[in-house]
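>
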C-alpha cells in the first residue's frame, strides 16, 4: 500500500493485551495508518508506541488520548484525524471500547448499569455521529464490536448482554441508514477471544441479603479470566476481522472461538436448547 493511497483506521480501546491493540497491530501490518486511541495512554503496547515514536513521515501510528464518554475528548480526536488525513477522510472506524460485567440482576446497581450502557452502547453512537463526516469523505467502513452475549442469555451477565444486544440492533439499523451516504457497516459478533479484558472486571460484592450470596465464590471465579481459557488468540482474531473488512463484508460477521458453530447453533437449534447450553 503506497503512501499516496495509504488508508487510515481509527480504533477505540487500544490498551495493550486487548482486542483493540491486536487490531491496531494487524492493520499496521497491512499498511494502514492507524489512529490507536485509548483513555489511559500508559497502557499502549510497546510495539505501537515504538512505531508512533518514529520520525514524522516514517511512522504509521498516531496514538490519541480518547475518552469515548467525553464529548470534548471525542471532538479533539476528530480534529486530530481531520488534520492528519485532510480531504481524504477516515477509511475505517472501529468502535471497540467496552466493558464486561458479571453480577446477578437482582444485585445490580441501576446507576452502574447505566454507566455500562453509556460505554457499550451510547459511546459507539456518539462516535458514529462524530466521525461520520470523515467516513463519508472516504466512502469508508464502520465496524462495531458487539458480542455473542447479545444472543446467548448467560446467567449473571444480563446487563452486559443487553448492552451488546442493543448495539447489534442499532448497528444493523445504522447499516441501512448509512449505506445511502456511502458508508459500509459491519457488526462483529465476537465469540471467545483471549485478552486482558477481565483484568478490569471487578469480582461481584454481594450483600449477605442477596439470594445468590451462597454462590458468591463461584461468581468471583467467573471474573478471574477462566472463561477465556480456551478462547482464540487476539491476534488471530484480529487477522480474521481485518480480512473481513478488506473483502468488503457487510452486516453481521461472527468471529472468534467457535464462531461458525455458534452461528449455526443460533440459526438451527430451538431456543430451549440454546438456553440450556448457556
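In my numbering, the protein residues as written are 2 to 279.
Just so it is clear, CB atoms sit at the ideal spot from N, CA and C, and this is done for glycine as well.
For residue 185, does the three-state DSSP call read helix, strand or coil?
Within the chain shown, the letter at position 184 stands for residue 185. Correct three-state label for residue 185: strand.
> In its own chain, which residues sit with a C-beta less than 8 Å from the C-beta of residue 223, not counting the 5 before and 5 after it?
As a position in the chain shown, residue 223 is number 222, starting the count at 1. Excluding positions up to five away in sequence, the list reads 103, 157.
> Do residue 101 and residue 202 have their beta-carbon atoms positioned less than 8 Å apart in this structure?
The residue given as residue 202 occupies position 201 in the chain shown. The residue given as residue 101 occupies position 100 in the chain shown. Taking 8 Å as the Cβ cut-off, residue 202 and residue 101 qualify as a contacting pair.
> Do the stretch 153-168 and the stretch 39-48 meet, that is, are 3 or more Cβ pairs less than 8 Å apart?
Contact fails: fewer than three Cβ-Cβ distances are below 8 Å.
> How far does the beta strand (DSSP E) with residue 36 in it reach, from first residue to last?
As a first step, residue 36 must be located in the chain shown, where it is residue number 35. First-last of the beta strand (DSSP E) with residue 36: 34-39.
> Measure the alpha-carbon distance for residue 81 versus residue 74 and round it to whole angstroms.
Within the chain shown, the letter at position 80 stands for residue 81. Within the chain shown, the letter at position 73 stands for residue 74. Answer to the nearest angstrom: the Cα atoms are 11 Å apart.
> Given this structure, state the Cα-to-Cα distance separating residue 29 from residue 105, to the nearest angstrom.
Looking up residue 29 in the chain shown gives position 28. Looking up residue 105 in the chain shown gives position 104. Between residue 29 and residue 105, the C-alpha separation is close to 40 Å.
> For residue 198, which residues of its own chain have a beta-carbon under 7 Å away from its beta-carbon, when the five flanking residues on both sides are left out?
Mapped onto the chain shown, residue 198 falls at position 197. The residues are 19, 101.
> By Cβ distance, which residues of its chain are closer than 8 Å to residue 259, with the 5 residues on each side in sequence left out?
On the chain shown, residue 259 is found 258 positions in, with the first residue counted as 1. 192, 193.
> To the nearest angstrom, report how far apart residue 25 and residue 36 are at their CA atoms.
Counting from one through the chain shown, the residue named residue 25 turns up at place 24. Counting from one through the chain shown, the residue named residue 36 turns up at place 35. Distance between the alpha carbons of residue 25 and residue 36: 8 Å.
> Within the same chain, show all residues whose beta-carbon is closer than 7 Å to that of residue 53, passing over the 5 residues directly before and after it, in chain order.
Here residue 53 refers to the residue found at position 52 of the chain shown. Closer than 7 Å at the Cβ level, and outside the excluded window around residue 53, lie 60, 62, 63, 64.
> From what residue to what residue does the alpha helix (DSSP H) around residue 274 run?
On the chain shown, residue 274 is found 273 positions in, with the first residue counted as 1. Unbroken alpha helix (DSSP H) run through residue 274: 272-278.
> How about residue 69 and residue 98: do their beta carbons lie closer than 8 Å?
As a working note, residue 69 is residue 68 in the chain shown. As a working note, residue 98 is residue 97 in the chain shown. Yes, these two residues count as a Cβ contact at 8 Å.
> Run through the DSSP bridge pairs and tell me what residue 253 is partnered with.
For this step, residue 253 is matched to residue 252 along the chain shown. 188, per the DSSP bridge assignment.
> Determine the direct distance from the alpha carbon of residue 17 to that of residue 235, and round the result to whole angstroms.
As a first step, residue 235 is located in the chain shown; it is residue number 234 there, counting from the start. As a first step, residue 17 is located in the chain shown; it is residue number 16 there, counting from the start. Answer to the nearest angstrom: the Cα atoms are 11 Å apart.
> Under the rule that 16 or more other beta-carbon atoms within 10 Å means buried, what is residue 2, buried or exposed?
As a first step, residue 2 is located in the chain shown; it is residue number 1 there, counting from the start. Per-residue confidence for residue 2 stands at a pLDDT of 48, beneath the threshold of 50, marking its modelled position as unreliable; the derived number appears in the next sentence. So residue 2 ends up on the exposed side.
> Compute the Euclidean distance between the alpha carbons of residue 221 and residue 58, then round it to the nearest angstrom.
Counting from 1 along the chain shown, the entry for residue 221 is found at position 220. Counting from 1 along the chain shown, the entry for residue 58 is found at position 57. Approximately 48 Å, taken between the alpha carbons.
> Could you check whether residue 139 and residue 217 sit closer than 8 Å to each other, using their CB atoms as the reference points?
One-based indexing of the chain shown puts residue 217 at position 216. One-based indexing of the chain shown puts residue 139 at position 138. No, the Cβ-Cβ distance between residue 217 and residue 139 is not below 8 Å.
> Take the Cβ of residue 227 as the centre, count every other Cβ of all protein chains shown within 10 Å, and call the residue buried at 16 or more, exposed below.
The residue given as residue 227 occupies position 226 in the chain shown. Residue 227 should be labelled exposed.
> For residue 270, is the classification buried or exposed, using 16 other Cβ atoms within 10 angstroms of its Cβ as the cut-off for buried?
As a working mapping, residue 270 is identified with position 269 in the chain shown. Exposed.
> Can you give me the start and stop residues for the beta strand (DSSP E) that residue 27 sits inside?
As a position in the chain shown, residue 27 is number 26, starting the count at 1. Counting along the chain, residue 27 falls outside any beta strand (DSSP E), though it belongs to the alpha helix (DSSP H) covering 20-30.
> Roughly how many whole angstroms lie between the Cα atoms of residue 188 and residue 278?
As a position in the chain shown, residue 188 is number 187, starting the count at 1. As a position in the chain shown, residue 278 is number 277, starting the count at 1. Taking the straight line joining both Cα atoms gives about 24 Å.
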